[in-house]
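Working notes for the structure below.
Protein chains: 2
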Amino acid sequence: MTDKPTRERKRGSGAQYVYDILREEILDLVLPPGSPIDENQLAERLSMSRTPIREALVRLAGEGLVTPLPNRSTVVANIDFFNLHTFFDALTLMYRVTTRLAGEYHTSADLEIIRSRQEDFARAVERQDALAMIATNREFHAAIAEAGRNSYFTGLFCRLLDEDQRILRLYYSSFNDQLPKRYVGEHEQMIAAIEARDINACDRLAKAHADQIVSQIQSMISRGATANIPL
Amino acid sequence: MTDKPTRERKRGSGAQYVYDILREEILDLVLPPGSPIDENQLAERLSMSRTPIREALVRLAGEGLVTPLPNRSTVVANIDFFNLHTFFDALTLMYRVTTRLAGEYHTSADLEIIRSRQEDFARAVERQDALAMIATNREFHAAIAEAGRNSYFTGLFCRLLDEDQRILRLYYSSFNDQLPKRYVGEHEQMIAAIEARDINACDRLAKAHADQIVSQIQSMISRGATANIPL
DNA sequence: GCTCACTATTTTGTCGACAAAAATTATACA
DNA sequence: TGTATAATTTTTGTCGACAAAATAGTGAGC
Numbered sequence: 013m014t015d016k017p018t019r020e021r022k023r024g025s026g027a028q029y030v031y032d033i034l035r036e037e038i039l040d041l042v043l044p045p046g047s048p049i050d051e052n053q054l055a056e057r058l059s060m061s062r063t064p065i066r067e068a069l070v071r072l073a074g075e076g077l078v079t080p081l082p083n084r085s086t087v088v089a090n091i092d093f094f095n096l097h098t099f100f101d102a103l104t105l106m107y108r109v110t111t112r113l114a115g116e117y118h119t120s121a122d123l124e125i126i127r128s129r130q131e132d133f134a135r136a137v138e139r140q141d142a143l144a145m146i147a148t149n150r151e152f153h154a155a156i157a158e159a160g161r162n163s164y165f166t167g168l169f170c171r172l173l174d175e176d177q178r179i180l181r182l183y184y185s186s187f188n189d190q191l192p193k194r195y196v197g198e199h200e201q202m203i204a205a206i207e208a209r210d211i212n213a214c215d216r217l218a219k220a221h222a223d224q225i226v227s228q229i230q231s232m233i234s235r236g237a238t239a240n241i242p243l
Numbered sequence: 013m014t015d016k017p018t019r020e021r022k023r024g025s026g027a028q029y030v031y032d033i034l035r036e037e038i039l040d041l042v043l044p045p046g047s048p049i050d051e052n053q054l055a056e057r058l059s060m061s062r063t064p065i066r067e068a069l070v071r072l073a074g075e076g077l078v079t080p081l082p083n084r085s086t087v088v089a090n091i092d093f094f095n096l097h098t099f100f101d102a103l104t105l106m107y108r109v110t111t112r113l114a115g116e117y118h119t120s121a122d123l124e125i126i127r128s129r130q131e132d133f134a135r136a137v138e139r140q141d142a143l144a145m146i147a148t149n150r151e152f153h154a155a156i157a158e159a160g161r162n163s164y165f166t167g168l169f170c171r172l173l174d175e176d177q178r179i180l181r182l183y184y185s186s187f188n189d190q191l192p193k194r195y196v197g198e199h200e201q202m203i204a205a206i207e208a209r210d211i212n213a214c215d216r217l218a219k220a221h222a223d224q225i226v227s228q229i230q231s232m233i234s235r236g237a238t239a240n241i242p243l
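Going down the list, the sequences are from chains A and B. Taking the working numbering, the leading residue of the first sequence gets 13, the next gets one more, and so forth. Taking the working numbering, the leading residue of the second sequence gets 13, the next gets one more, and so forth.
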């Protein structure tokens with residue numbers, strides 16, 4: 013159903029394999045926030061011992077995607093709706109600083125990647141594929157951050173984009189309105205500003221884009237349009 | 013010589029114990045950048061099995077303090093002198109944003125803690141104790157960040173302060189000049205701005221302070237006054 | 001003397017097992 | 001019947017062991 017437990021795997025790849033699977037299932041809300049992660053069950057499903065599974069869990073805990081309860085089972089990290097404003101603050105600032113730095117340090121190769129990601133996003137919008145929009149939008153901004161070449165910022169930004177993806181998935185049915193098309197245009201403007209190395213325009217556009225996204229999330233939440241979560 | 017291997021320890025505290033010890037030794041350059049970490053040796057020294065030691069190493073790798081080489085020994089993370097400007101960019105921005113947020117969200121209890129840390133720092137400066145200056149300065153700014161109440165920023169900021177501590181330790185003999193006294197005054201101004209909730213002043217002072225620190229580190233490095241590292 | 005191939009040793013990644021702690025069930029008593 | 005306590009099962013944290021991979025060591029050939 014999910015993943016065939018490949019019999020032979022290269023030595024050293026076990027923990028990474030578990031990490032990738034768990035990470036994806038957490039971000040896709042296959043494992044909803046708060047749900048416990050059973051080490052034994054996972055070990056059996058992936059046909060390996062608990063050691064690499066524990067290593068993956070420790071790594072995920074370091075990124076804040078799971079919360080280890082001492083002497084009790086590790087659970088998928090909850091989304092802290094009470095302190096969402098701190099999340100929005102950090103997300104907005106990282107949008108701005110990564111786009112600025114992309115304007116400063118990008119190469120033509122970076123621009124190609126960014127444009128390619130933007131095409132992916134535009135196609136997802138045309139298809140009205142909400143899940144693909146979330147994923148491709150994330151990749152688009154991650155590519156911009158990469159072009160900024162500051163690993164401290166890209167690291168935090170990617171963590172924030174992960175959290176963002178989980179929140180958006182919670183409400184993704186709301187994506188079938190006219191907003192995404194606006195995002196396509198905003199993305200185009202950002203690309204142009206980056207290419208022109210216009211730092212001020214990068215900052216202004218990134219801030220406007222972030223504000224758009226923040227207010228969309230806020231309206232989603234206030235509407236309470238929770239979509240696909242069984243719990 | 014270092015730590016007596018306590019015979020009995022509470023269940024579940026093993027990995028945390030190793031983590032704390034390794035972290036301190038890395039930040040104090042007892043374990044210099046690039047030096048390999050021998051799991052077996054550590055296991056024997058702390059009289060426990062390799063399992064909790066590996067967990068601690070995975071956590072430290074997540075924070076960038078060690079670098080695991082696949083199928084080879086884990087080494088203490090190197091200081092990337094080539095990309096120091098990205099570090100300075102991030103450090104400066106985090107100084108600014110945490111101080112701003114402290115001005116916005118601090119409580120009187122926060123201010124007490126901050127003042128207490130500032131007194132510790134001032135005492136270290138009076139004593140001309142360079143190592144204590146580094147540590148207390150770190151605690152002072154960490155306390156400000158805490159008062160800002162944004163865990164995303166405090167998390168990144170603390171990581172940057174860790175890196176900063178390692179760099180400063182490399183050159184700490186240069187601390188016996190008149191600069192630290194200037195820092196005391198700048199700290200006082202920052203406290204006043206936070207208390208007055210003057211966000212613009214917070215930002216301006218934090219930026220000036222960060223620029224001071226950055227240029228001090230740069231001059232230290234250009235002077236090449238490496239102090240206490242055997243390697 | 002230097003380089004390459006082969007062997008021996010060390011070290012890492014993974015495993016199965018076990019004991020402490022928590023969760024669950026069963027039992028006694030009001 | 002409800003509740004508190006005791007017994008049982010499940011789960012986590014740690015351990016020792018083992019095999020794959022890397023390193024160090026040895027010797028042959030040029």
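C-beta: ideal position from N, C-alpha, C; glycine also. Predicted, not measured: the structure shown is a model, and the values here were computed from it.
- Query: Which term fits B:A208, buried or exposed, when burial requires 16 or more other beta carbons within 10 angstroms of its beta carbon?
  - Reply: Its Cβ having fewer than 16 others within 10 Å, B:A208 is exposed.
- Query: By Cβ distance, which residues of its chain are closer than 6 Å to A:P17, with the 5 residues on each side in sequence left out?
  - Reply: No answer about A:P17 holds up, because its pLDDT of 41 lies below 50 and its placement is not dependable.
- Query: Going along chain A in order, which residues have a C-beta closer than 7 Å to the C-beta of B:S163?
  - Reply: Within chain A, the residues near B:S163 are T98.
- Message: On a Cα-Cα basis, can you pick out the residue from B:I225, B:I211 and B:I206 that is closest to B:A121?
- Response: That would be B:I206, whose Cα lies nearest to the Cα of B:A121.
- Item | Within 7 Å of chain B by C-beta, residues of the region 120-148 of chain A in sequence order | Answer set for the region 120-148 of chain A: empty.
- Query: Sorted by chain position, which residues of the same chain lie with C-beta nearer than 6 Å to B:R108's C-beta, five sequence neighbours on each side aside?
  - Reply: Taken in chain order, the residues that qualify are D215, A218 and K219.
- Query: What residues in its chain sit with their C-beta under 6 Å from that of A:R181, if we drop five residues either side in the sequence?
  - Reply: Closer than 6 Å at Cβ, skipping near neighbours: L41.
- Quick one: Cα of A:V226 to Cα of A:F100, how far? Whole-angstrom Cα-Cα distance: 6 Å.
- CB contact flag (B:P45, B:A73, <8 Å): Not closer than 8 Å, so no.
- Can you find a C-beta in chain B that's less than 8 Å from the C-beta of A:R71? Residue-level contact check: A:R71 touches chain B, since one or more beta carbons of chain B fall below 8 Å from its beta carbon.
- Item | chain B contact for A:V109 (CB, 8 Å cutoff) | So yes, A:V109 belongs to the interface.
- Message: If I measure Cβ to Cβ from A:R127 and keep anything under 7 Å in the same chain, skipping five residues before and after, which residues do I get?
- Response: Once the five neighbours on either side are set aside, the close Cβ partners of A:R127 are I203.
- Task: Determine, using beta carbons only, whether A:E151 and A:D132 come nearer to each other than 8 Å.
- Result: Yes.
- 6 Å Cβ shell around B:P64 - same chain, five flanking residues per side excluded: The answer, listed in chain order, is G26, A27 and V30.
- Message: What does the Cβ neighbour count give for A:N149, buried or exposed, with the cut at 16 atoms within 10 Å?
- Response: Residue environment: A:N149 is assigned as buried (16 or more neighbouring CB atoms within 10 Å of its CB, all protein chains considered).
- Can you give the Cα-Cα distance for A:Q160 and B:L113, rounded to whole angstroms? For clarity, residue 160 of chain A is Gly in the given sequence; the question names Gln instead. Each residue's alpha carbon lies about 25 Å from the other.
- Nearest-angstrom Cα separation, counted from B:Y184 out to A:L94: It is Phe, not Leu, that sits at residue 94 of chain A in the sequence shown. Taking the straight line from one Cα to the other gives about 43 Å.
- Beta carbon proximity, B:L168 to chain A, threshold 8 Å: Contacts with chain A at 8 Å (Cβ-Cβ) include B:L168.
- Message: When you compare the CB of B:G115 with every CB in chain A, is at least one pair closer than 8 Å?
- Response: Chain A, which has no Cβ nearer than 8 Å to the Cβ of B:G115, makes this no.
- Within 10 angstroms of its Cβ, does B:R23 collect 16 or more other Cβ (buried), or is it exposed? Flag for B:R23 reads exposed.
- Query: Does the Cβ-Cβ distance between A:A55 and A:L34 come in under 8 Å?
  - Reply: No Cβ-Cβ contact shorter than 8 Å links A:A55 with A:L34.
- Interface flag, B:P48 vs chain A, CB-CB below 8 Å: Cβ-Cβ to chain A under 8 Å: no for B:P48.
- With DSSP as the reference, label B:I225 as helix, strand or coil. In the structure shown, B:I225 falls within a helical segment according to DSSP collapsed to helix, strand and coil.
- Rank B:P192, B:R66, B:E198 and B:N212 by C-alpha distance to the C-alpha of B:I229 and give the top, closest one. Looking at the Cα atoms, B:P192 is the closest of the given residues.
- Query: Assuming A:T86 contacts A:I49 under a Cβ cut-off of 8 Å, what Cβ separation, rounded to an integer in Å, is found between them?
  - Reply: With 8 Å as the limit, A:T86 and A:I49 qualify as a contact, their Cβ atoms being about 5 Å apart.
- Query: Between B:A2 and the rest of its own chain, which residues show a CB-CB distance below 6 Å, the 5 nearest in sequence each way excluded?
  - Reply: Since the first residue shown for chain B is 13 and the last is 243, residue 2 of chain B is missing from the structure and cannot be characterised.
- Say whether chain A places a C-beta atom closer than 8 Å to the C-beta of B:P74. A small correction: the amino acid at residue 74 of chain B is Gly; Pro does not occupy that position in the sequence shown. At least one chain A Cβ lies under 8 Å of B:G74.
- Could you tell me which chain B residues have their CB closer than 9 Å to the CB of A:G24, listed as they occur along the chain? In chain order: P82 and N83.
- Task: Any chance you could list the alpha helix (DSSP H) runs of at least 4 consecutive residues sitting entirely within the region 134-218 of chain B, in chain order?
- Result: Runs of the alpha helix (DSSP H) lying entirely within the region 134-218 of chain B, each at least 4 residues long, are 142-160, 163-182 and 191-207 in chain order.
- Message: Ignoring anything shorter than 4 residues, give me the alpha helix (DSSP H) runs that lie fully in the region 30-87 of chain B, in order along the chain.
- Response: Listed in chain order, the alpha helix (DSSP H) elements of length 4 or more contained wholly in the region 30-87 of chain B are 51-57 and 62-74.
- Starting from B:A89 and walking both ways along the alpha helix (DSSP H), at which residues does that stretch end? It is not in any alpha helix (DSSP H) - B:A89 carries neither H nor E in the DSSP assignment.
- What do you reckon, are the CB atoms on B:M106 and B:L39 nearer than 8 Å? No, these two residues do not count as a Cβ contact at 8 Å.
- Range covered by the alpha helix (DSSP H) that runs through B:H118: Counting along the chain, B:H118 falls outside any alpha helix (DSSP H), and DSSP gives it neither H nor E.
- Since A:D101 meets chain B, which of its residues come closer than 9 Å, beta carbon to beta carbon? Contacts between A:D101 and chain B, judged by CB atoms closer than 9 Å, involve V109, L113, N162, Y164 and F165 in chain order.
- Is A:H221 closer than 8 Å to A:E200 when the C-beta atoms are compared? Judged by beta-carbon spacing, A:H221 lies beyond the 8 Å limit of A:E200, meaning their Cβ atoms are not closer than that value.
- Task: Give the straight-line distance between the Cα atoms of A:L103 and A:L96, rounded to the nearest whole angstrom.
- Result: The alpha-carbon atoms of A:L103 and A:L96 are separated by roughly 10 Å.
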